[in-house]
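Read left to right, the sequence shown gives residues -21 to -1, 1 to 305 (mature numbering (1 follows the signal peptide of the UniProt record, and there is no 0)).
Virtual Cβ for every residue (Gly too), placed ideally from N, Cα, C.
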Amino acid sequence: MANSRNLLTCLLLCLIIPAQAQHFSLSRLFYPNLTLKADYAVPSSLDGTRDYGVSKTGFFGIIPLQSEVQLGYSLRKKFDLRAVHTVAIAQYTQIQPTFDGKNNPANGYKTLSLGVIRLQASIKDRLWVYGGGLGMTESNETFFSPQPFFWGGAARMHILGLRTQFMYGSVLAYNQKLRFIPVLGVNKGLGKHWRVSALLPFMVNANYKATKWFNVDFLAGLNGYSGGFQVQTPEEKALRRENYRQIKTGVAANTHLFSVLNVSVEAGVTTFRQLRTFNSARENLTSYTPATTPYIGASVRYITSRSRLSSRFTRRMGLGEGGINW
């Protein structure tokens, strides 16, 4: 699926929420949009006797909450000018694993999530990005007894000239167990046509802007899903958890149409795949390494608005030409 995010959004979608798109750009956070997306991995050998496949469909939305400039006065009698930009991130995804061509779970997993990301720039504290969110990934049978995930974090951003930014920070995440994750991000323009972005150790993306309306992404990213399901035994209904992880590498072609639509088509391979199941006591029951396989994906994004403050943010930080870098 050719979808895009900024650095923290990328972390949100690739690490904590089941995998969505693989490429991203910092400037894309600032434009409210609605995105329809889908991808499909060709079934490949699971254990030498069975095939495993997975497909995803869903939608993603960035909803503006606040964009304003504020004037403050500290206890040390110093003025501080602060600009803030806050967006909500809402997502629904349908994930369908298959074993030998049969859906399992029968109705797949559903992911619902909601997060908030805030960018704050001020004379006193410089530039910071804050975020947090929660959600769940469940089958129909476990939807009313979910195991939710949540995350929260902050990162400091530095601007080095008009074409270079880097950020560092940390995220505290919970998905069956609590994790503390240091993050390092880089966004660098190279010449007139190239831009490289990375969120280490999760994501790397190189974007080539061929024209104002067409660009290409070369991408690699770590992602997956963790969903609850139910197993019927003669004695009881047992709850299980399925964890899937992969690295995707691919190429995405992106076309910008009618100033409000972005259409993307993506293809590549998924490798370093791992599929595990756990019981309610978090004991490992099975572990597989599905074979490397091709995948394809597509997305259609509708850009709902472009606020003047958003455009000023991106231009001043060098995140995108004319305030947008699709």
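{"query": "Length of the line joining the Cα atoms of PRO11 and THR72", "result": "19 angstroms"}
{"query": "Residues of its chain near ARG158, where Cβ-Cβ distance is below 7 angstroms and the 5 sequence neighbours each way are ignored", "result": "ALA152"}
{"query": "Same chain, Cβ closer than 7 angstroms to GLY111, neighbours up to 5 away in sequence not counted", "result": "GLY94, VAL95, TRP130, GLY131"}
{"query": "C-alpha distance - LEU163 paired with MET146, whole-angstrom precision", "result": "6 angstroms"}
{"query": "Per DSSP, cross-strand counterpart(s) of LEU15", "result": "PHE38, VAL279"}
{"query": "Inter-residue Cα distance where the pair is GLN1 and VAL279", "result": "Annotation note: pLDDT 37 at GLN1 (below 50); position unreliable, coordinate value reported separately. If I take the Cα positions, the gap works out to 15 angstroms."}
{"query": "Whole-number beta carbon distance between PHE39 and THR121, since they are thought to touch under 8 angstroms", "result": "Actually they do not touch by this definition, with Cβ atoms about 23 angstroms apart."}
{"query": "Identified DSSP bridge partners for SER259", "result": "DSSP lists no partner for SER259."}
{"query": "In DSSP terms, what GLU221 is bridged to", "result": "GLY206, THR256"}
{"query": "Three-way DSSP call (helix, strand, coil) for THR121 in this model", "result": "helix"}
{"query": "Cβ shell of THR256 (< 6 angstroms), same chain only, five flanking positions each side left out", "result": "ARG219, GLU221, LEU264, THR265"}
{"query": "Same chain only: Cβ atoms within 6 angstroms of GLN99, ignoring 5 sequence neighbours per side", "result": "VAL63, TRP107"}
{"query": "ASN193 versus THR14 - alpha carbon distance", "result": "According to the sequence shown, residue 193 is Phe rather than Asn. One C-alpha to the other measures close to 18 angstroms."}
{"query": "Nearest candidate by alpha-carbon position, reference SER205, set SER23, SER149, LEU254", "result": "LEU254"}
{"query": "For GLU245, three-class secondary structure by DSSP", "result": "strand"}
{"query": "Cβ neighbours of TYR267 in the same chain (closer than 6 angstroms, five flanking residues each side left out)", "result": "LEU25, ASP26, LEU254"}
{"query": "Minimum C-alpha distance to ALA36 - residue among ALA17, ALA134, PRO22, ARG174", "result": "Sequence check: residue 36 is Thr here, not Ala. Ranking the options by Cα distance to THR36, first place goes to ALA17."}
{"query": "Strand pairing of PRO161, partner residues [DSSP]", "result": "SER149"}
{"query": "Nearest neighbour of ALA133, chosen from LYS191, VAL150, ARG142 [CA to CA]", "result": "VAL150"}
{"query": "CA-to-CA distance, GLU214 to THR228, given in whole angstroms", "result": "44 angstroms"}
{"query": "Extent of the continuous beta strand (DSSP E) to which ALA134 belongs", "result": "128 to 138"}
{"query": "Opposing strand residues paired with GLN155 [DSSP bridges]", "result": "Per DSSP, none; premise fails for GLN155."}
{"query": "Expected contact under 8 angstroms - CB spacing of PRO273 and VAL21 to nearest Å", "result": "5 angstroms"}
{"query": "THR28, buried or exposed, once every other Cβ within 10 Å from all chains shown has been counted against 16", "result": "exposed"}
{"query": "Assigned exposure category for PRO161 - 16 Cβ within 10 Å defines buried", "result": "exposed"}
{"query": "Residues that ALA185 bridges to, as DSSP identifies them", "result": "VAL175, PHE197"}
{"query": "Residue environment, GLU117, which counts as buried when at least 16 other CB atoms sit within 10 Å", "result": "buried"}
{"query": "Distance between ASN258 and VAL33 (C-alpha atoms, nearest Å)", "result": "22 angstroms"}
{"query": "Residues near LYS188 in its chain [Cβ-Cβ closer than 7 angstroms; skip 5 each side]", "result": "HIS172, ASN194"}
{"query": "GLY27, DSSP secondary structure in three states", "result": "coil"}
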